[in-house]
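The sequence shown begins at 36 in our numbering and counts up by one.
Worksheet: the structure to be examined is printed underneath.
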Amino acid sequence: GAREALLRTPDQLDVLARAGVVDAGGQAFVLLVDVLVEVLGGPPAQPLEDVVAPLRLPGHRQAGPRIKAEYEVMYAIRDARKTSLDALRRQLSELGNSVVIVGDQTLAQVHVHLADPGPALEAGLSIGQLSQIRVTALEPDQTDAVRTVVSMVAGPGLVEAVLRLGGIPVQGGRGQLTLEELSAALDTTCGEAVILPNDMENLEMASHLASRLKAEGRRVAVIPTVAQVQGLAAIAVHEPTADFESAVVAMSAAAGHTRHGAVTIAESSAMTMAGRCQPGDVLGLVEGDFVEIGTSVTNVALRVIERLLAAGGELLTLVGGADAEPGLVEELQRLTLRLSDGVDVETVIGGQHRYLVLIGLE
36 GAREALLRTP
46 DQLDVLARAG
56 VVDAGGQAFV
66 LLVDVLVEVL
76 GGPPAQPLED
86 VVAPLRLPGH
96 RQAGPRIKAE
106 YEVMYAIRDA
116 RKTSLDALRR
126 QLSELGNSVV
136 IVGDQTLAQV
146 HVHLADPGPA
156 LEAGLSIGQL
166 SQIRVTALEP
176 DQTDAVRTVV
186 SMVAGPGLVE
196 AVLRLGGIPV
206 QGGRGQLTLE
216 ELSAALDTTC
226 GEAVILPNDM
236 ENLEMASHLA
246 SRLKAEGRRV
256 AVIPTVAQVQ
266 GLAAIAVHEP
276 TADFESAVVA
286 MSAAAGHTRH
296 GAVTIAESSA
306 MTMAGRCQPG
316 DVLGLVEGDF
326 VEIGTSVTNV
336 ALRVIERLLA
346 AGGELLTLVG
356 GADAEPGLVE
366 ELQRLTLRLS
376 DGVDVETVIG
386 GQHRYLVLIG
396 LE
């Protein structure tokens, strides 16, 4: 009744929780209700028992509802020991949710949602050098998200891109991720999950994880993205406040409408759909098929872009690889805008290996 509602007021207002008290107006209302009941012939009003909520000591996390996250904190941390990164992950998990730490001792990316950004920054400073610090106030509809979008990515720049779009990245090369690593990325309090494999070789693992999560009673969908750019397109349209089915349909449509290409270097002599290639040749792919062979990365990439644009499109995304020459994606952006003034071009320094540039067209 009213008394039970009064006891819940510290969970509804942070200022009451910090003070360890209930709402004074609510307490007066409970007394008024008791008096009215007595006037109308009910049992006599009873003195209010001690209804002060238990004091929440600093650093103590009560079991039950999730922490109210008001800020998103992201930073890069250098020169931290692996054991320190593991300890940081545990510490941030006590402070907030949506904790992601990817990378190694040389450079790691950190992401967390929490009520106070200060302790997260202090925890990072205690074990390494921080850079790229970003603190963002979350919108009201972002603070209690019940859905996690996990994206399997191939480079540190793609990690940052996914985090900016509100997803949870799991980094690993083709066939290098384990089911445990993928599972660890999911918030244990999250009731819904969308998984983006972004590679044919990751599809089976994503399906295994989905089966495990469904057995735990969670709602899970695997969107069969086979390219990193499809994953980016899917996350970009995710609406956290939409119902699960609507969100999955919108993300699936965005991924399905994203045609993709790539440029890589031949490692051996082989026969392709575009002819025979030799080691060192530049190869262009569209939808996974080899369609171009050349000697210039820029020229082959432009021919792939032209093939994609031939079927129409509005937004071209260029993702630069770890082994690409500096300025490659910027040059391709400039040349593409000269080819077609009706398309927008976005660039990402993805840092992926194997592919010098990934190309997506929506």
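C-beta atoms are modelled at their ideal positions from N, C-alpha and C, and glycine is treated no differently.
Straight-line gap, residue i to residue j (C-alpha atoms, nearest Å)
i	j	result
Pro259	Gly362	31 Å
Val188	Arg373	30 Å
Ala150	Ser186	25 Å
Pro232	Glu381	22 Å
Thr352	Ile394	6 Å
Tyr106	Gln313	52 Å
Arg311	Ala305	6 Å
Leu130	Ala155	8 Å
Gly190	Arg124	20 Å
Arg113	Gly138	10 Å
His273	Ser242	20 Å
Arg101	Ser133	The predicted model places Arg101 with a pLDDT of 49, which falls under 50 and marks its position as unreliable; any figure quoted below should be read in that light. So the alpha carbons of these two residues sit roughly 11 Å apart.
Arg389	Val257	25 Å
Ala271	Arg199	10 Å
Ser119	Gln164	13 Å
Leu160	Val108	13 Å
Gly291	Glu322	12 Å
Arg331	Ala359	The question names Arg, yet the displayed sequence has Ser at residue 331. So the alpha carbons of these two residues sit roughly 12 Å apart.
Ala158	Thr333	44 Å
Val392	Ala336	8 Å
Pro152	Gln144	16 Å
Ala309	Thr293	23 Å
Gln387	Gly356	5 Å
Glu162	Val205	Per the sequence presented here, residue 162 reads as Ile, with Glu not at that position. About 22 Å.
Glu365	Ala282	33 Å
Val135	Ser375	39 Å
His148	Gly226	17 Å
Gly385	Gly252	35 Å
Ser166	Leu142	10 Å
Ala117	Ser303	Note that residue 117 corresponds to Lys in the displayed sequence, not to Ala. Their backbone Cα atoms lie some 37 Å apart in a straight line.
Asn237	Asp324	19 Å
Where residue i falls: helix, strand or coil (DSSP)
i	result
Ala305	strand
Val364	helix
Val87	Here Val87 scores only 38 on pLDDT, less than 50, and its place in the model is too uncertain to base an answer on.
Gln387	strand
Val272	coil
Leu393	strand
Gly153	helix
Arg125	helix
Leu416	No information on residue 416 is available, as it lies outside the stretch 36 to 397 that the chain covers here.
Thr183	strand
Gly315	coil
Gln97	Because Gln97 carries a pLDDT of 34, less than 50, the predicted location of this residue cannot be relied on, and no value is offered for it.
Leu320	strand
Thr231	Per the sequence shown, residue 231 should be read as Leu rather than Thr. Residue state, collapsed to three classes: strand.
Val261	coil
Glu327	strand
Thr141	coil
Arg254	strand
Gly310	strand
Leu51	Residue confidence is low: Leu51 scores 44 on pLDDT, short of 50, so the model does not pin down where it sits. Its coordinate-derived value is still stated next. Helix at Leu51.
Gly347	coil
Arg116	coil
Gly226	coil
Ser242	helix
Ser281	helix
Gly190	coil
Ser161	coil
Ser287	helix
Ala336	helix
For residue i: DSSP bridge partner residues
i	result
His146	Met109 and Val135
Glu381	Thr352
Ser166	Ala111
Ile203	Val185
His292	Note: His292 sits in no beta bridge, so no partner.
Val298	Gly319 and Val392
Thr171	Glu107
9 Å Cβ cutoff met for residue i and residue j
i	j	result
Ile168	Tyr110	yes
Val378	Leu396	yes
Ala245	Ile230	yes
Val264	Val354	yes
Arg182	Ala115	no
Ala269	Asp234	no
Leu367	Gly296	no
Arg247	Phe279	no
Ala301	Gly319	no
Thr299	Val317	yes
Gly207	Val184	no
- Message: So, does the region 285-295 touch the region 190-201, judging by three or more C-beta pairs under 8 Å?
- Response: Touching, no, given that fewer than three Cβ pairs across the two stretches are closer than 8 Å.
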